[in-house]
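Presented below is the structure to which this report refers.
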Amino acid sequence: MAFNEQLANRIREQLKLFPEDFTEKKMFGGLSFLYQGKMTVGIVKEELAVRIVSDKMDIELEKDTVRPMDFTKRPMKEFVYVSQDGITTETDLLHFIELGLEHAKIKL
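So for the sequence shown, my numbering puts the first residue at 19; every next one is plus one.
Structure follows, in structure tokens:
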């Protein structure tokens with residue numbers, strides 16, 4: 019399984035800011051971070067994978083660094099990939115973690 023371990027460590031550090039408990043699970047050939055069994059964010063090779071509520075998809079997809087997640091060769095509903103350029107700062111990364119957590123909480 020090949021995924022960016024440095025990005026995984028950055029995510030782990032950011033998750034310490036939340037009172038919620040997260041678990042890690044191997045998914046999509048990479049690593050995902052789950053809240054109460056629901057995926058929030060993950061890493062597939064070098065990209066961040068994020069679950070986003072449908073109401074916010076268009077806003078996020080307007081960014082040059084965000085594209086639909088096409089792991090199955092077709093866009094997956096409420097999933098996006100974020101390139102490394104989209105998460106250069108911890109604030110950028112935290113934004114996507116918060117989107118993923120929002121999605122998980124809505125789906126519970």
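Just so you know, even glycine gets a beta-carbon here, dropped at the ideal spot from N, CA and C.
What span of residues does the alpha helix (DSSP H) with residue i cover, start to end?
i          : result
residue 67 : Careful: residue 67 lies outside any alpha helix (DSSP H), inside the beta strand (DSSP E) at 65 to 69.
residue 96 : Counting along the chain, residue 96 falls outside any alpha helix (DSSP H), and DSSP gives it neither H nor E.
residue 49 : Premise fails: residue 49 lies in the beta strand (DSSP E), 48 to 53, not in any alpha helix (DSSP H).
With DSSP as the reference, identify every bridge partner of residue i, one or two as the case may be.
i           : result
residue 111 : Answer is none; residue 111 lacks a bridge partner.
Applying the 10 Å Cβ sphere with the 16-neighbour rule, what's the burial state of residue i?
i           : result
residue 118 : buried
residue 77  : exposed
residue 106 : exposed
residue 122 : buried
residue 124 : exposed
residue 23  : exposed
Output the boundary residues of the beta strand (DSSP E) element that contains residue i.
i          : result
residue 80 : It is not in any beta strand (DSSP E) - residue 80 carries neither H nor E in the DSSP assignment.
Given residue i, which residues of its chain have a CB within under 6 Å of its CB, disregarding the five upstream and five downstream residues?
i          : result
residue 89 : 46
Quick one: residues in its chain with C-beta nearer than 7 Å to the C-beta of residue i, no 5 flanking neighbours on either side, listed in chain order?
i          : result
residue 52 : 40, 41, 43 and 58
residue 70 : 78, 96, 98, 117 and 121
Please say whether residue j and residue i have beta carbons closer to each other than 8 Å?
i           : j           : result
residue 56  : residue 126 : yes
residue 111 : residue 28  : yes
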